[in-house]
Amino acid sequence: MIGYYSYTVILTYLSLVSSCLGIFFCLGESGTPHPTYAMACLMISGLCDMFDGKVARTKKNRTESEKKFGIQIDSLCDLVCFGVLPAVIGYSIGMDTWLDVPVLILFPLCAVIRLAYFNVAEETRQKTTDDVRKVYEGLPVTSVSLILPLLYSFRKDIGIEYFDNVYGIALFLIAIAFITRFKVKKPTMKTMLSFIGIGAVEFVWMFYKTKMK
Numbered sequence: 318m319i320g321y322y323s324y325t326v327i328l329t330y331l332s333l334v335s336s337c338l339g340i341f342f343c344l345g346e347s348g349t350p351h352p353t354y355a356m357a358c359l360m361i362s363g364l365c366d367m368f369d370g371k372v373a374r375t376k377k378n379r380t381e382s383e384k385k386f387g388i389q390i391d392s393l394c395d396l397v398c399f400g401v402l403p404a405v406i407g408y409s410i411g412m413d414t415w416l417d418v419p420v421l422i423l424f425p426l427c428a429v430i431r432l433a434y435f436n437v438a439e440e441t442r443q444k445t446t447d448d449v450r451k452v453y454e455g456l457p458v459t460s461v462s463l464i465l466p467l468l469y470s471f472r473k474d475i476g477i478e479y480f481d482n483v484y485g486i487a488l489f490l491i492a493i494a495f496i497t498r499f500k501v502k503k504p505t506m507k508t509m510l511s512f513i514g515i516g517a518v519e520f521v522w523m524f525y526k527t528k529m530k
């Protein structure tokens with residue numbers, strides 16, 4: 318079989334599986350979408366992505382081909398998880414007019430531009446140093462796994478009838494942030510654990526608000 322198979326890519330693949338399930342939830346059973354479950358899948362994908370790089374680096378005898386494969390497969394999965402899934406969620410909650418479609422297209426487009434740029438920059442960086450990356454350029458695509466569920470948690474407070482517009486504005490601003498040249502410090506393990514705590518609270522709050530009448 319073609320490809321490179323080891324424990325280093327398991328979390329990356331689980332992230333993709335979760336996002337595929339999220340897309341299926343957006344399609345819904347009998348035409349009824351379930352965006353709340355899709356948002357939960359987005360958060361799970363973000364959790365997997367948070368640690369896949371750290372897991373990969375525990376394998377000390379990776380070849381150059383394995384490292385390059387890891388970079389490519391991670392970005393390809395990230396495009397589906399954090400580029401395509403958020404746009405599909407948007408469509409499932411009502412972003413289905415001709416004004417919404419450009420935003421739904423722009424979002425994954427900006428995500429893929431950022432990811433491709435990251436691949437080129439990361440491959441160049443790894444040729445000159447073995448140090449772990451400390452700074453990102455532009456907003457990391459993984460950030461949507463915290464930003465969008467948090468926004469979604471307040472959809473009833475915002476107003477269900479207006480939320481698709483608010484979600485669309487958020488997608489547009491995030492898309493621009495993907496390709497804007499600014500520095501973002503890579504989170505430390507302590508910060509990542511804080512993100513997990515925030516995500517857990519978001520997860521519970523999101524389903525609590527869903528159950529409220």
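Numbering-wise (the numbering used here), the sequence shown opens with residue 318 and increments by one. Don't be surprised by glycine CBs; every beta carbon is placed ideally from N, CA and C. Please read these numbers as outputs of a predicted model, since none were measured by experiment.
Next on the checklist: Three Cβ pairs or more, each shorter than 8 angstroms: is that satisfied between the region 362-381 and the region 324-334?
Outcome noted: yes
Item to check | Endpoints, beta strand (DSSP E) assigned at Glu454 | outcome: For this step, residue 454 is matched to residue 137 along the sequence shown. Its beta strand (DSSP E) spans residues 452-454.
Checklist entry - Taking the alpha-carbon positions, what's the Lys500 to Arg442 distance? => result Here residue 500 corresponds to residue number 183 of the sequence shown, with the count starting at 1. Here residue 442 corresponds to residue number 125 of the sequence shown, with the count starting at 1. Their Cα atoms are separated by approximately 16 angstroms.
Checklist entry - Any idea which residues DSSP pairs Glu346 with across the strands? => result In the sequence shown, residue 346 corresponds to position 29, counting from 1. Beta-bridge pairing links Glu346 to Thr349.
Next on the checklist: Please return the same chain residues whose Cβ sits closer than 8 angstroms to the Cβ of Thr608, not counting the five positions on each side in sequence.
Outcome noted: The shown model of the chain, from 318 to 530, leaves out residue 608, and the question about it has no answer.
Item to check | CA-to-CA distance, Glu519 to Ile475, given in whole angstroms | outcome: For the purposes of this step, residue 475 is identified with residue 158 of the sequence shown, where counting begins at 1. For the purposes of this step, residue 519 is identified with residue 202 of the sequence shown, where counting begins at 1. Distance between the alpha carbons of Ile475 and Glu519 is about 16 angstroms.
Checklist entry - So does the region 404-417 actually touch the region 476-489, counting three or more Cβ pairs closer than 8 angstroms? => result yes
Next on the checklist: Measuring straight from C-alpha to C-alpha, what distance separates Val429 and Ile340?
Outcome noted: One-based indexing of the sequence shown puts residue 429 at position 112. One-based indexing of the sequence shown puts residue 340 at position 23. Val429 and Ile340: Cα-Cα distance of roughly 18 angstroms.
Next on the checklist: Determine whether the beta carbon atoms of Leu359 and Pro403 lie at a separation below 8 angstroms.
Outcome noted: Position 42 of the sequence shown, counted from the first residue, corresponds to residue 359. Position 86 of the sequence shown, counted from the first residue, corresponds to residue 403. Yes. Within cutoff.
Checklist entry - Measuring CB to CB, does Pro504 end up less than 8 angstroms from Phe495? => result Looking up residue 504 in the sequence shown gives position 187. Looking up residue 495 in the sequence shown gives position 178. It is not a contact, given that the beta carbons lie outside the stated cut-off.
Checklist entry - Residues bridged to Val544 by DSSP? => result This structure does not reach residue 544, given that the chain is present from 318 up to 530, and the question cannot be answered.
Next on the checklist: Taking the alpha helix (DSSP H) that Asn482 belongs to, which residues open and close that run?
Outcome noted: For the purposes of this step, residue 482 is taken as the residue at position 165 of the sequence shown. Unbroken alpha helix (DSSP H) run through Asn482: 477-495.
Item to check | Per-residue DSSP class, three states only, for Trp522 | outcome: Translated into the one-based positions of the sequence shown, residue 522 becomes position 205. Residue state, collapsed to three classes: helix.
Checklist entry - Does the Cβ of Met318 have 16 or more other Cβ atoms within 10 Å, making it buried, or fewer, making it exposed? => result Within the sequence shown, the letter at position 1 stands for residue 318. By the neighbour-count rule (16 or more Cβ atoms within 10 Å), Met318 is not buried but exposed.
Item to check | Element boundaries [alpha helix (DSSP H), containing Phe386] | outcome: Residue 386 sits at position 69 when you count from the first residue of the sequence shown. Looking at the DSSP string, the run of the alpha helix (DSSP H) that includes Phe386 is 381-396.
Checklist entry - Looking at Ser470 and Cys398, is the spacing between their C-beta atoms short of 8 angstroms? => result In the sequence shown, the residue the question calls residue 398 occupies position 81. In the sequence shown, the residue the question calls residue 470 occupies position 153. For Cys398 and Ser470, no; Cβs fall outside 8 angstroms.
Checklist entry - What span of residues does the alpha helix (DSSP H) with Gly407 cover, start to end? => result Here residue 407 is taken as the residue at index 90 of the sequence shown, counted from 1. First-last of the alpha helix (DSSP H) with Gly407: 402-409.
Checklist entry - Around the C-beta of Ile361, are 16 or more other C-beta atoms found within 10 angstroms, so that it is buried, or is it exposed? => result Numbered from 1 along the sequence shown, position 44 holds the residue referred to as residue 361. Its Cβ being crowded by 16 or more others within 10 Å, Ile361 is buried.
Checklist entry - Are the beta-carbon atoms of Phe386 and Leu488 separated by less than 8 angstroms? => result Working through the sequence shown from its first residue, we reach residue 386 at position 69. Working through the sequence shown from its first residue, we reach residue 488 at position 171. For Phe386 and Leu488, no; Cβs fall outside 8 angstroms.
Checklist entry - Using a Cβ-Cβ cut-off of 6 angstroms (strictly less than) and excluding sequence neighbours within five positions of Leu338, which residues of its own chain qualify? => result Stepping through the sequence shown from its first residue, residue 338 is reached at position 21. For Leu338, where only same-chain residues beyond five positions count, the Cβ hits under 6 angstroms are Cys358.
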